[in-house]
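Chemist: In my numbering, the protein residues as written are 12 to 513. Positions of the beta carbon are idealized from the N, C-alpha and C atoms, including for glycine. One structure follows; several queries about it will come next.
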């Protein structure tokens, strides 16, 4: 079982020490979880020609993988709560390796959907969630910096995978490349081994039933079967149902749907992910489509990744500053809108130089969003409810993540031009950023008003009533409402006489 503290008050996060080793492990596992689906785009043009599929059909490979990675969030959260981060990440790395090795032997696009999309995607989900969660347990004051460093794993991996995948394809083909990538993904098991749990492990105690205990159970069973114990049995069933609901709520806190800030974050992010991944999936194919050679097209992803790598920790430092952290939700909203603006301007880029400029600004905007993606959620719900919040958010986001790239591919198939895909993604993200900015402004105003009212109630002596004052008010109300309460008094006197008589 996952480590616990045996009912004692949890120790404060160490904010350093072994936590930096944990950040290194998260750097690797988060890097693969985010970068691997994007890096596979290098193979899409060739796989598309091999199977004779359309743009929208080949886009489903990355789309299913990303949607599974996000949609399996609640399952990952439940497993982390039950077993801890370390074994979950190691098992996820094993699944990733199995999925990619199996994909090397696929003969249809449907088999690729299963092996790459579902199996590898689920393995990446078991890498992503535990890595994010354990950083929140190791860091508090330095959490934005730790998150920024861990999230930098995505651009570093993408920067490495883009040229590596092109090299592997040129030398081994896409099947041989998938075999090698399956072995590389097993490094997630090593990363998971670094996730040392915090706190003393709780021993698993199995109840043993002795002979005397069996007799007692038989007696209890006879009592329950008797007619006089039907009410007790019903109460036990109701209590069991409550225990089941409490057990589910222990892993996924559905009361978060009553949290105003959480709902704003959820709606904005669901809208954002409709246009978040499609541009990066189609960037290399778009470059090849306009006549740019394979290595130059792959290098665009490397440029994006290098800028992204610098932007993430820099954004973490800025977000941790005393000027930004109290209003980090505004900064996050700006980053999303800036991301969308880059896509809207992409069709104006002509030639390789224009795409290099686009990739540079896109990498900056992408890094800003990713560095604050989970930090803003933890800022809203707190570390205690963060595990459940991540699980609920990711399963809601998986629908738009699943649809985003195929919708972009359909636009390309329909119009024969990539610009409509970029315009769609840009418009959606600008809308999401604007929504989050306005609603967070409204939320901050309401929070300030509620805090002011709470303080005024605590500081107002007239708002505090003593016990004697409450009794006087009750007696006064009773005296005023004497005629109305007379039938109740008569009924009460009759009950007293009946009790005394028995």
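From what residue to what residue does the alpha helix (DSSP H) around residue 182 run?
Modeler: In the chain shown, the residue the question calls residue 182 occupies position 171. Its alpha helix (DSSP H) spans residues 164-196.
Chemist: Check for me: the alpha helix (DSSP H) holding residue 381 runs from which residue to which?
Modeler: Residue 381 sits at position 370 when you count from the first residue of the chain shown. Per DSSP, residue 381 belongs to the alpha helix (DSSP H) from 362-392.
Chemist: Could you give the distance in angstroms between the alpha-carbon of residue 107 and the alpha-carbon of residue 276?
Modeler: Translated into the one-based positions of the chain shown, residue 107 becomes position 96. Translated into the one-based positions of the chain shown, residue 276 becomes position 265. Their Cα atoms are separated by approximately 30 Å.
Chemist: Looking only at its chain, what residues have a beta carbon closer than 8 Å to the beta carbon of residue 96, apart from the 5 residues adjacent to it on each side?
Modeler: Taking the first residue of the chain shown as 1, we reach residue 96 at position 85. Answer for residue 96: 141, 142, 144, 145, 203, 206 and 208, listed in chain order.
Chemist: Would you call the CB atoms of residue 373 and residue 315 closer than 7 Å?
Modeler: Looking up residue 373 in the chain shown gives position 362. Looking up residue 315 in the chain shown gives position 304. Taking 7 Å as the Cβ cut-off, residue 373 and residue 315 qualify as a contacting pair.
Chemist: Specify, as a first and last residue, the run of the alpha helix (DSSP H) that residue 307 falls within.
Modeler: For the purposes of this step, residue 307 is taken as residue 296 along the chain shown, with counting starting at 1. 305-330 is the extent of the alpha helix (DSSP H) around residue 307.
Chemist: With the cut-off set at 7 Å, would you say residue 412 and residue 196 are in Cβ contact?
Modeler: Numbered from 1 along the chain shown, position 401 holds the residue referred to as residue 412. Numbered from 1 along the chain shown, position 185 holds the residue referred to as residue 196. Result no, Cβ atoms of residue 412 and residue 196 do not sit closer than 7 Å.
Chemist: Do the segment 78-94 and the segment 394-409 make contact, defined as three or more Cβ pairs closer than 8 Å?
Modeler: yes
Chemist: Name the two residues that bound the continuous alpha helix (DSSP H) containing residue 344.
Modeler: Numbered from its first residue, the chain shown carries residue 344 at position 333. Per DSSP, residue 344 belongs to the alpha helix (DSSP H) from 339-356.
Chemist: Skipping 5 residues on each side, what residues in its chain have a beta carbon closer than 7 Å to that of residue 299?
Modeler: Position 288 of the chain shown holds residue 299. Cβ within range, chain order: 56, 305 and 308.
Chemist: For residue 378, collect the residues of the same chain with a Cβ closer than 6 Å to its Cβ; drop the 5 residues on either side in sequence, then sort them by chain order.
Modeler: Indexing the chain shown from 1 puts residue 378 at position 367. So the list reads 319, 322 and 323, once near-sequence residues are dropped.
Chemist: Have a look at residue 348 and residue 438 and give me their C-alpha separation to the nearest angstrom.
Modeler: For the purposes of this step, residue 348 is identified with residue 337 of the chain shown, where counting begins at 1. For the purposes of this step, residue 438 is identified with residue 427 of the chain shown, where counting begins at 1. Spanning the two alpha carbons is a distance of roughly 9 Å.
Chemist: What's the gap between the Cα of residue 295 and the Cα of residue 58?
Modeler: In the chain shown, residue 295 corresponds to position 284, counting from 1. In the chain shown, residue 58 corresponds to position 47, counting from 1. Distance between the alpha carbons of residue 295 and residue 58: 14 Å.
Chemist: Which residue's Cα is closest to the Cα of residue 336: 156, 115, 90 and 119?
Modeler: Mapped onto the chain shown, residue 336 falls at position 325. Nearest of 156, 115, 90 and 119 to residue 336, Cα basis: 156.
Chemist: Among the residues of its own chain, which have a CB less than 8 Å from the CB of residue 430, if the five just before and after it don't count?
Modeler: The residue labelled residue 430 in the question sits at position 419 within the chain shown. Correct list, in chain order: 357 and 358.
Chemist: By the three-class DSSP mapping on this structure, what secondary structure does residue 65 have?
Modeler: Numbered from its first residue, the chain shown carries residue 65 at position 54. Three-state result, residue 65: coil.
Chemist: Using a threshold of 7 Å, state whether the C-beta atoms of residue 158 and residue 386 are closer than that.
Modeler: Residue 158 sits at position 147 when you count from the first residue of the chain shown. Residue 386 sits at position 375 when you count from the first residue of the chain shown. A contact, by the Cβ cut-off of 7 Å.
Chemist: With a threshold of 16 other CB atoms inside 10 Å of the CB of residue 148, please say whether the residue is buried or exposed.
Modeler: Counting from one through the chain shown, the residue named residue 148 turns up at place 137. Counting Cβ neighbours within 10 Å, residue 148 comes out buried, since at least 16 surround it.
Chemist: Which residues mark the beginning and the end of the alpha helix (DSSP H) in which residue 207 is found?
Modeler: Taking the chain shown and counting its residues from 1, the one referred to as residue 207 is at position 196. Note, residue 207: premise wrong, no alpha helix (DSSP H); not H, not E.
Chemist: Which whole-angstrom value is the C-beta distance of residue 312 and residue 163, which I expect to be below 8 Å?
Modeler: In the chain shown, counting from the first residue as 1, residue 312 sits at position 301. In the chain shown, counting from the first residue as 1, residue 163 sits at position 152. Beta-carbon to beta-carbon, residue 312 and residue 163 are separated by about 16 Å, too far to satisfy the 8 Å threshold.
Chemist: Looking only at its own chain, which residues have a Cβ that is under 6 Å from the Cβ of residue 170, when we skip the five neighbours before and after it?
Modeler: Within the chain shown, residue 170 is the residue found at index 159, counting from 1. 313, 316 and 317.
Chemist: Along the chain, where does the alpha helix (DSSP H) that runs through residue 294 open and close?
Modeler: Position 283 of the chain shown, counted from the start, is the residue given in the question as residue 294. 289-300 is the span of the alpha helix (DSSP H), which, as asked, contains residue 294.
Chemist: Output the boundary residues of the alpha helix (DSSP H) element that contains residue 31.
Modeler: Position 20 of the chain shown holds residue 31. Unbroken alpha helix (DSSP H) run through residue 31: 30-50.
Chemist: Please list, in chain order, all residues of the same chain as residue 368 whose beta carbon is under 8 Å from its beta carbon, the five residues on each side excluded.
Modeler: By one-based count along the chain shown, residue 368 stands at place 357. If we look at residue 368 and ignore the five residues flanking it on each side, its Cβ neighbours are 360.
Chemist: Rounded C-beta distance between residue 100 and residue 114? I'm assuming under 8 Å.
Modeler: Within the chain shown, the letter at position 89 stands for residue 100. Within the chain shown, the letter at position 103 stands for residue 114. Contact doesn't hold; Cβ gap of about 21 Å is too wide.
Chemist: Might you give, ordered along the chain, the residues of its own chain that have their beta carbon closer than 7 Å to the beta carbon of residue 376, omitting 5 neighbours on each side?
Modeler: Taking the chain shown and counting its residues from 1, one reaches residue 376 at position 365. Taken in chain order, the residues that qualify are 346, 349, 350 and 353.
Chemist: With a threshold of 8 Å on Cβ separation, who are the neighbours of residue 187 within its own chain once the five nearest residues in sequence on each side are excluded?
Modeler: For the purposes of this step, residue 187 is identified with residue 176 of the chain shown, where counting begins at 1. Taken in chain order, the residues that qualify are 115 and 179.
Chemist: Mind checking which residues open and close the alpha helix (DSSP H) that includes residue 118?
Modeler: The residue you call residue 118 lines up with position 107 of the chain shown. Per DSSP, residue 118 lies in no alpha helix (DSSP H) segment and is marked neither H nor E.
Chemist: Would you call residue 132 buried or exposed, if buried means 16 or more other Cβ atoms sit within 10 Å of its Cβ?
Modeler: Position 121 of the chain shown, counting from 1, holds the residue named residue 132. In this structure residue 132 is buried. Its beta-carbon is surrounded by 16 or more other beta-carbon atoms within 10 angstroms.
Chemist: Does the beta-carbon distance from residue 65 to residue 428 come in below 7 Å?
Modeler: Indexing the chain shown from 1 puts residue 65 at position 54. Indexing the chain shown from 1 puts residue 428 at position 417. Not a contact, by the Cβ cut-off of 7 Å.
Chemist: In the DSSP assignment, find the unbroken alpha helix (DSSP H) run with residue 410 in it and report its ends.
Modeler: If you number the chain shown from 1, residue 410 lands on position 399. Residues 397-426.
Chemist: Excluding the 5 residues preceding and the 5 following residue 38 in the sequence, name in chain order all residues of the same chain whose CB lies nearer than 6 Å to its CB.
Modeler: The residue you call residue 38 lines up with position 27 of the chain shown. Excluding positions up to five away in sequence, the list reads 161 and 164.
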